[in-house]
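Some notes on the structure that comes next.
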Amino acid sequence: LGMKGEERAMILLRQCWGTRPLSEQEQEKLNNVKSLCQGVYPALALLCQDIEISSQQIRFLDLSTHQEGHKSTNCDEGSAYLIKQIHQPSSPRCRLTRSEENRMLGIISRVKSFNR
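Sequence positions in the sequence shown follow this note's numbering and run 412 to 527.
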């Protein structure tokens, strides 16, 4: 398919997001992915956290209708992701989307280019 494993994993993980909390089995599989990619593929680790936090928030939808986006509690992965984007920009398929970056990091790492 012409994709790296990291790129394919990002696509597959994004397909896991749903409108219901993760089952025990799904959570276990997500934990396996998180443990395999932590420290090696920061974008994947952050995407796993995003899916996990989103799943947990779905359980509490009736408690708060005006909840701000969640920020990553794993500073190491967030820092590693940002450093990687500065020094070794990833292919677009290995990057978090703008909304994922905003939810997980509180910022968007892309710099807009200005046309002259």
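All C-beta atoms, glycine included, are put in the ideal place defined by N, C-alpha and C.
- Contact check for Ala-456 against Ser-501 fails: the beta carbons are separated by 8 Å or more.
- Classified as buried, Met-515 has 16 or more neighbouring CB atoms from the shown chains inside 10 Å of its CB.
- Apart from sequence neighbours up to five positions away, no residue of its chain approaches Gly-413 with a beta-carbon distance below 6 Å.
- Note that the C-beta distance between Ile-469 and Thr-430 is below 8 Å.
- Between the alpha carbons of Pro-503 and Val-444 lies a gap of roughly 20 Å.
- Its chain contains Pro-453, Leu-457, Ser-483, Met-515 and Leu-516 as the residues whose beta carbon lies nearer than 8 Å to that of Gly-489, once the 5 sequence neighbours on both sides are disregarded; these appear in chain order.
- Per DSSP, Gly-416 is one residue of the alpha helix (DSSP H) stretching across 416-425.
- If the five residues before and after Glu-418 are omitted, its C-beta is found closer than 7 Å to the C-beta atoms of Ser-502, Arg-504 and Cys-505, all from its own chain and listed in chain order.
- Ranked by how close their Cα comes to the Cα of Ile-422, the residues Ser-466, Cys-459, Ser-465 and Asp-487 have Cys-459 in first place.
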